[in-house]
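A.B. asks: Below: one structure in structure tokens.
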Amino acid sequence: MSAPRLELLHARPATAVPGRLPILFVHGSYCGAWVWAETFLPYFARAGFAAYAVSLRGHGDSEGDLAFASLSDYVEDVRAAIAHLGGHCILVGHSMGGIVAQHCFGDGDTVAALVLMASVPPSGLANSAMTLMMTAPDLMIQFGLLQSLGPSAVTGDAIRRAILSDATPEAEVARLLPQFQTESHTISLDLMTPPPPPRPVTARPVLVLGGSADPMIPTADLREAAAFYKADLEILDGAPHGLMLDSAWWQPTADRILAWLAAKGFGGTEDGIGSAAPLGD
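Residue numbers (UniProt numbering): 1 to 281.
Here you go:
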């Protein structure tokens with residue numbers, strides 16, 4: 001069976017920076033590449049990076065079966081996107097996309113640096129699910145409705161509490177809500193006890209980044225990921241789960257990633273901005 005055609009959005013700097021690696025962003029559950037398009041893609045392009053975001057199979061405008069897509073399927077999708085970019089990039093994964101990115105990190109030297117944003121830790125979602133069940137069981141019910149019936153069955157208040165800060169205007173929540181979608185039934189099981197991601201043979205930099213006000217990924221999970229990779233860890237006080245979507249937190253988060261990349265030798269800030277647009281096969 002041939003690989004599905006995948007949506008790949010991009011924003012490129014007006015002036016290319018020789019030797020600057022592209023950045024590939026990987027989304028989390030229930031969404032697609034669109035979560036990066038309005039803020040992160042043009043912002044990182046303005047900083048001189050060619051920025052790309054892939055929609056995993058069955059998400060956004062990507063083709064492919066969604067209901068039975070597995071973790072290994074999503075890893076295959078990200079590997080295909082990396083190959084499309086020339087086989088070498090900086091990888092940024094959010095939530096579910098973080099564990100997918102981790103399973104690509106051990107693939108030789110294709111990923112030069114890894115950023116995990118509010119990411120599922122190497123051990124999976126068991127601790128997160130237990131924490132959410134104890135602290136916000138109603139959110140678990142809302143995600144069950146999203147999974148079974150789609151975004152029309154979910155309240156805006158639930159989306160705000162799950163992924164956004166209290167400062168998010170109601171109109172913004174209402175605009176975002178219809179863009180969410182159902183998720184693979186198979187991946188929901190895979191994420192509870194995923195196989196451990198392969199450790200990279202060569203040492204490469206990793207940043208683990210998340211918020212103290214995130215109900216989905218507790219800080220213990222961030223610390224687990226940081227310990228696993230001997231990574232730099234930054235916990236943003238008061239930040240929510242949807243760091244790239246939240247109007248109050250997307251730019252501080254992007255600035256921290258850019259500062260970290262500069263400190264690790266991957267480039268500073270340049271003038272110039274591109275525009276997000278879909279790519280072909």
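Note that the Cβ used here is the ideal one computed from N, Cα and C, for glycine as well.
1. Measuring only the C-alpha atoms, how far is A263 from L145?
2. Contact check, I99 vs C89 under 8 Å by CB: the rounded distance?
3. In whole angstroms, what is the alpha-carbon distance linking Q181 and C31?
4. With three or more C-beta pairs closer than 8 Å as the rule, is the region 119-131 touching the region 51-70?
5. Nearest to M197 by CA position, among A33, A213 and F228, is which residue?
6. Among the residues of its own chain, which have a CB less than 6 Å from the CB of L21, if the five just before and after it don't count?
7. May I ask you to report which of helix, strand or coil DSSP gives A50?
8. Where does E76 land, buried or exposed, given buried means 16+ other C-beta within 10 angstroms?
9. Using only the alpha-carbon positions, how far apart do V78 and A225 sit?
10. Give the single residue among D214, L209 and G265 whose Cα lies nearest to the Cα of P252.
11. Since S184 and L66 should fall inside the 8 Å C-beta cutoff, what is the C-beta to C-beta distance between them, to a whole number of angstroms?
12. According to DSSP, is D221 part of a helix, a strand, or is it coil?
13. Taking the straight line between their C-alpha atoms, what separation do you get for R161 and P18?
14. From which residue to which residue does the alpha helix (DSSP H) around E76 run?
15. Quick check on E63: does DSSP put it in helix, strand or coil?
16. What is the DSSP secondary structure of V115, reduced to helix, strand or coil?
17. Of the residues V201, T193 and P4, which one's Cα is nearest the Cα of Y74?
18. Please list the terminal residues of the continuous beta strand (DSSP E) segment that includes F25.
19. From the DSSP output, in three-state form, read off G274 for me.
20. Applying the criterion that 16 or more other CB atoms from any shown protein chain within 10 Å of the CB defines a buried residue, is P178 buried or exposed?
21. When you compare only the Cα positions, how much space is there between E7 and D61?
22. Please classify T155 as buried or exposed, where buried requires at least 16 neighbouring CB atoms within 10 angstroms.
23. Starting from D232, follow its DSSP beta bridges and name the residues at the other end.
24. Less than 8 Å between the C-beta atoms of P42 and L164, yes or no?
C.D. replies: According to the structure shown:
1. On the sequence shown, position 263 is the one that residue 263 refers to. On the sequence shown, position 145 is the one that residue 145 refers to. Rounded to whole angstroms, A263 to L145 spans 43 Å at the Cα level.
2. Position 99 of the sequence shown holds residue 99. Position 89 of the sequence shown holds residue 89. 18 Å between Cβ atoms; not a contact.
3. Here residue 181 corresponds to residue number 181 of the sequence shown, with the count starting at 1. Here residue 31 corresponds to residue number 31 of the sequence shown, with the count starting at 1. Each residue's alpha carbon lies about 6 Å from the other.
4. no
5. Position 197 of the sequence shown, counting from 1, holds the residue named residue 197. Looking at the sequence shown, residue 197 is not Met but Pro. For the residues A33, A213 and F228, the minimum Cα distance to P197 belongs to F228.
6. Counting from 1 along the sequence shown, the entry for residue 21 is found at position 21. Cβ within range, chain order: C89, I90 and A112.
7. The residue given as residue 50 occupies position 50 in the sequence shown. If DSSP states are grouped into helix, strand and coil, A50 belongs with coil.
8. Taking the sequence shown and counting its residues from 1, one reaches residue 76 at position 76. Burial call: buried.
9. Working through the sequence shown from its first residue, we reach residue 78 at position 78. Working through the sequence shown from its first residue, we reach residue 225 at position 225. Cα to Cα, the separation comes out at about 20 Å.
10. Taking the first residue of the sequence shown as position 1, residue 252 is located at position 252. Selected option, being the one with the closest Cα: L209.
11. Looking up residue 184 in the sequence shown gives position 184. Looking up residue 66 in the sequence shown gives position 66. Sure, about 5 Å apart at Cβ, within 8 Å.
12. Reading the sequence shown from its first residue, position 221 is the one you call residue 221. In this structure, D221 counts as helix in the three-state DSSP scheme.
13. Counted from its first residue, the sequence shown places residue 161 at position 161. Counted from its first residue, the sequence shown places residue 18 at position 18. Taking the straight line from one Cα to the other gives about 42 Å.
14. Within the sequence shown, residue 76 is the residue found at index 76, counting from 1. E76 -> alpha helix (DSSP H) spans L71 to H84.
15. The residue given as residue 63 occupies position 63 in the sequence shown. Coil.
16. Looking up residue 115 in the sequence shown gives position 115. Of the three classes helix, strand and coil, the one that applies to V115 here is strand, per DSSP.
17. Numbered from 1 along the sequence shown, position 74 holds the residue referred to as residue 74. Per the Cα distances, P4.
18. On the sequence shown, position 25 is the one that residue 25 refers to. Counting along the chain, the beta strand (DSSP E) containing F25 begins and ends at I23 to V26.
19. Indexing the sequence shown from 1 puts residue 274 at position 274. In this prediction, G274 scores a pLDDT of 32, lower than 50, which makes its location untrustworthy; no coordinate-derived value is stated.
20. Sequence index remark: in the sequence shown, residue 178 carries index 178 (1-based). Classification of P178: exposed, given that the 10 Å Cβ count is below 16.
21. Within the sequence shown, residue 7 is the residue found at index 7, counting from 1. Within the sequence shown, residue 61 is the residue found at index 61, counting from 1. E7 and D61: Cα-Cα distance of roughly 6 Å.
22. Locating residue 155 in the sequence shown gives position 155, where the first residue counts as 1. Its Cβ having fewer than 16 others within 10 Å, T155 is exposed.
23. Start at 1 with the first residue of the sequence shown, and residue 232 comes out as number 232. Answer by DSSP bridge pairing, in chain order: L207.
24. Residue numbering aside, residue 42 sits at position 42 when the sequence shown is read from its first letter. Residue numbering aside, residue 164 sits at position 164 when the sequence shown is read from its first letter. No, the Cβ-Cβ distance between P42 and L164 is not below 8 Å.
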